[in-house]
Amino acid sequence: MKSVCRWAWASLHLWGLFAVPVFSQAHFREWFPQYRQNFTSIMSNNCSSVYDDYVTGNTRGATGKSATSRPVVACVLAAVDEAAKANLASAGVVLGLLPSMLSITSSMTNEVGLIALRRPMLALLLAVGTPSANALRTFEQPEPAQLFLDPSPFQVLYPSHLSPRSQTVVSAIQYLVGLGAVTNLAEVSYEVCIRTNVSWATETTYLPALWASLTIVIHILGTTAMHLRIKLVNQPLSDTARTECIKFCPRCLEQELIPSVSHPIERIETRRTTWGYLIASWGASIATFWQIIFGTCIFSGILFISTQDAWMVFARYWVSALCCRLIVMFEFNGMKVSLAMNSGNNTRGIRMEPQHR
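For what it's worth, this note's numbering labels the leading residue of the sequence shown as 1, then goes sequentially.
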């Protein structure tokens with residue numbers, strides 16, 4: 001549990017990369033490329049007075065949180081021609097599909113949680129770098145050990161042995177790709193926050209980033225569930241692998257530089273089901289469902305982005321999710337291959353506790 005707490009503590013700090021709530025007057029200054037010139041001209045020629053009120057906070061007697069932002073939104077939309085309005089409406093349809101489509105691409109919480117048992121820092125990067133999680137049926141949690149019983153279809157693609165240098169290279173690539181996914185997600189979330197408005201909360205500048213960062217909470221719940229249910233017993237690293245590892249990191253972090261396929265698993269122990277496990281696993285499933293709903297409400301109400309720019313935003317979110325998914329599949333299937341190679345077959349390396357005393 002201590003490692004879970006450290007994982008959660010680091011996640012909350014990385015959360016600042018995405019969603020520091022900003023209520024300052026940050027809107028109506030930057031726009032997405034296709035309509036940038038049009039909106040800039042409208043702000044200068046048609047809406048300069050209401051924009052000045054927005055900047056100075058002059059509500060002109062209006063009440064509510066959006067008293068200064070909504071008049072600017074109304075002014076800009078009134079000055080846009082009908083063809084552009086149809087384009088903006090189509091962008092809302094495209095982006096409204098984003099959360100559910102990303103959920104299909106993303107990894108399950110139990111997969112990331114199993115990786116966190118061995119490589120918590122890499123799992124943290126994967127949780128931060130993907131904007132969504134794969135939705136499981138509510139109140140139905142697959143038996144974690146069952147995930148290891150099916151043979152990996154990618155086993156023939158894994159080398160039987162990786163040299164220490166190859167292990168370091170593979171690990172470095174994983175971290176670079178993970179950092180790239182985090183950077184891309186942070187940048188695109190920032191751009192959507194600043195360059196667009198959410199129609200039902202025009203005063204806010206953080207909702208898209210808040211939606212993306214909620215995945216961290218979901219994966220914290222999933223990782224907690226795996227810590228309460230699964231115990232990995234690893235075989236000692238070879239002297240050659242450990243010597244190479246110590247050149248780059250402290251011994252306490254040696255697992256972080258060793259891909260799962262090269263770190264032998266002696267056995268997997270399944271602990272007795274507890275209420276803590278059920279609450280964490282069910283909580284992750286319910287939170288994933290509501291994150292999809294929340295994201296759909298946000299992105300379907302996005303204003304001031306064209307359909308062409310919306311497709312680019314869609315693609316950038318998807319690329320981050322896909323990169324993290326590829327790393328998860330490589331690591332998780334590597335764990336299955338490692339278990340199969342070192343225990344003869346998958347079932348010999350799995351020990352399950354009885355669920356009743």
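Heads up, the beta-carbon is just placed ideally off N, CA and C, and yes, glycines get one too.
I194 is not bridged by DSSP to any residue. Judged by their CB atoms, T307 and N87 are nearer to each other than the 8 Å cut-off. Under DSSP, I302 forms a beta bridge with V198. Straight-line measurement puts the Cα of T270 at about 17 Å from the Cα of T109.
Within its own chain, the residues whose Cβ lies closer than 6 Å to the Cβ of L95, once the five positions on either side in sequence are excluded, are F299, I302 and A310, listed in chain order. With a contact defined as Cβ atoms closer than 8 Å, R70 and T205 miss out at about 14 Å.
In the assembly as shown, N197 is a buried residue. Its beta-carbon has 16 or more other beta-carbons within 10 Å. In the three-state DSSP reduction, Q25 falls in the coil class, being neither helix nor strand. Shortest Cα-Cα distance from I292 to any of R36, S132, Q25 and A67 involves S132. Contact between I268 and S171 fails: their C-beta atoms lie close to 22 Å from each other, not under 8 Å. Secondary structure note for V72: its alpha helix (DSSP H) is the uninterrupted segment S69 to A79. DSSP, read as helix, strand or coil, puts S106 in coil.
In this structure, F139 and W282 form a Cβ contact; the two beta carbons are roughly 6 Å apart against a cut-off of 8 Å. In the displayed model, F294 falls within a helix according to three-state DSSP. In chain order, L228 place their CB closer than 7 Å to the CB of G276, counting only its own chain and leaving out the 5 sequence neighbours on each side.
When the Cα atoms are used, K336 and L124 turn out to be separated by approximately 21 Å.
Across the structure, S189 and A212 are spaced so that their CA atoms are roughly 8 Å apart. Scanning its chain for C-beta atoms nearer than 8 Å, with the 5 sequence neighbours on each side dropped, one finds around G178 the residues L122, L125, L126, G129, C323, C324 and I327, in chain order. Residue burial annotation: P33 is exposed, with fewer than 16 other C-beta atoms found within 10 angstroms of its C-beta.
The beta-carbon separation of R195 and W318, rounded to 19 Å, does not stay under the 8 Å limit for a contact. Sixteen is the threshold: when 16 or more other Cβ atoms of the shown chains lie within 10 Å of the Cβ of E331, as they do, the residue is buried. Secondary structure of F332 (DSSP, three-state): helix. For R165, the three-state secondary structure derived from DSSP is helix.
With a cutoff of 8 Å on beta-carbon distance, S103 and A135 are scored as near each other. A check of alpha carbon separations from I230 across S166, E111, T105 and V313 identifies E111 as the nearest. With distances taken between CA atoms, L97 lies nearest to G295 out of S66, M329, G295 and S166.
Per the coordinates, the alpha-carbon of S166 lies some 52 Å from the alpha-carbon of T40.
Proximity to V73 across A62, G64, E82 and Y54 peaks at Y54, based on C-alpha coordinates. A280 is not a Cβ neighbour of V217, given a cutoff of 8 Å. Nearest to T59 by C-alpha distance, out of F314, T68 and G222, is T68. If you draw a straight line from the Cα of G57 to the Cα of L207, it is about 21 Å long. Rounded to the nearest whole angstrom, the CA to CA distance from R137 to V182 is 27 Å. For K85, the uninterrupted alpha helix (DSSP H) segment begins and ends at E82 to G96. When the beta-carbon positions are compared, E254 and R119 stay at least 8 Å from each other.
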